[in-house]
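Below is one structure, written out as structure tokens; the observations come after it.
In this note's numbering, the protein residues as written are -11 to 205.
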């Protein structure tokens, strides 16, 4: 029953994203942004809730919401929205794992996601803030948040790398969304360069985790 609920939730979120992208394609962004402005605080709150769900259930794509925030809210509001969301929900994932352990986390995220979480947990995250910061800057930050909680990392040892990684990795994705849909050339160039830098970080982290896995074997 729980698996079906998770599947229905994932399907609903993906369908909502597909509908929104279709509306942007058909009607253009300006009418939609006008409607978003009329919603006031409910628009960023909706993005926070949807991205938060995608963090707690790592099977959902979370990067799309950063692009969406930049497109609908603009760079400044979109950046603040995503930063607040990630700080709240990544710490929620960390604390869930730290307090309740593997069993409840496995039931929440599913078996496939749990395998990936445990793989990240083998990288000696505790006492290694630079590695933890780099891993949180990748697209697998939701898995890493759970892994840090299960690995015995203290809250302070997680919170500081999380804050640094969120501030550094959020700006390029939000800027990319704002630049593409708002025709902002500077934002677009900055976003592309930032995404390229994040890809380099992800490659270095992936190489480090592969080396750790080979040394464990």
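Think of the CB as a built atom: it goes at the ideal place given N, C-alpha and C, for glycine as much as any other residue.
As the structure is a computational prediction, the values presented were derived from the model and not from experiment.
Go ahead and pull the three-state DSSP assignment for residue 133. If DSSP states are grouped into helix, strand and coil, residue 133 belongs with the helices.
Reduced DSSP secondary structure (H/G/I, E/B, other) of residue 143: In this structure, DSSP gives residue 143 a helical state, which the three-state scheme calls helix.
Give the C-beta separation of residue 146 and residue 123 to the nearest angstrom, bearing in mind that I take them to be a contact with Cβ-Cβ under 8 Å. Actually they are not in contact, since the Cβ atoms of residue 146 and residue 123 sit about 11 Å apart, beyond 8 Å.
In angstroms with no decimal places, state the Cα-to-Cα distance between residue 46 and residue 104. If I take the Cα positions, the gap works out to 10 Å.
Identify, in the order they occur along the chain, each residue of the same chain with its Cβ nearer than 8 Å to the Cβ of residue 158, setting aside the five sequence neighbours on each side. Counting only Cβ-Cβ distances below 8 Å, and skipping sequence neighbours, we find 54, 67, 70, 71 and 74.
Beta carbon of residue 137, beta carbon of residue 79: below 7 Å? In this structure, residue 137 lies away from residue 79, with their beta-carbon atoms at least 7 Å apart.
Residue 46, DSSP secondary structure in three states: In the structure shown, residue 46 sits in coil (DSSP, three-state: anything other than H, G, I, E or B).
Is it right to say residue 33 is buried, meaning 16 or more other beta carbons lie within 10 angstroms of its own, or is it exposed? So residue 33 ends up on the exposed side.
Tell me whether residue 99 sits in a helix, a strand or coil according to DSSP, three-state version. Secondary structure of residue 99 (DSSP, three-state): helix.
For residue 31 and residue 166, the rounded distance between their alpha carbons: Rounded to the nearest angstrom, the two C-alpha atoms are 16 Å apart.
For residue 94, collect the residues of the same chain with a Cβ closer than 8 Å to its Cβ; drop the 5 residues on either side in sequence, then sort them by chain order. Counting only Cβ-Cβ distances below 8 Å, and skipping sequence neighbours, we find 102.
Kindly list the residues whose CB is nearer than 8 Å to the CB of residue 117, restricted to its own chain and excluding five residues on each side of it in sequence; keep chain order. Result list for residue 117: 145, 148 and 149, in chain order.
Just reading off the alpha helix (DSSP H) that residue 29 is part of, what are its end residues? No alpha helix (DSSP H) contains residue 29, which DSSP labels as neither H nor E.
Contacting residues, own chain, Cβ-Cβ under 7 Å from residue 77 (five flanking each side not counted): So the list reads 40, 43 and 44, once near-sequence residues are dropped.
Give a yes or no on whether the C-beta atoms belonging to residue 63 and residue 162 are separated by under 7 Å. In contact: residue 63 and residue 162 (Cβ atoms closer than 7 Å).
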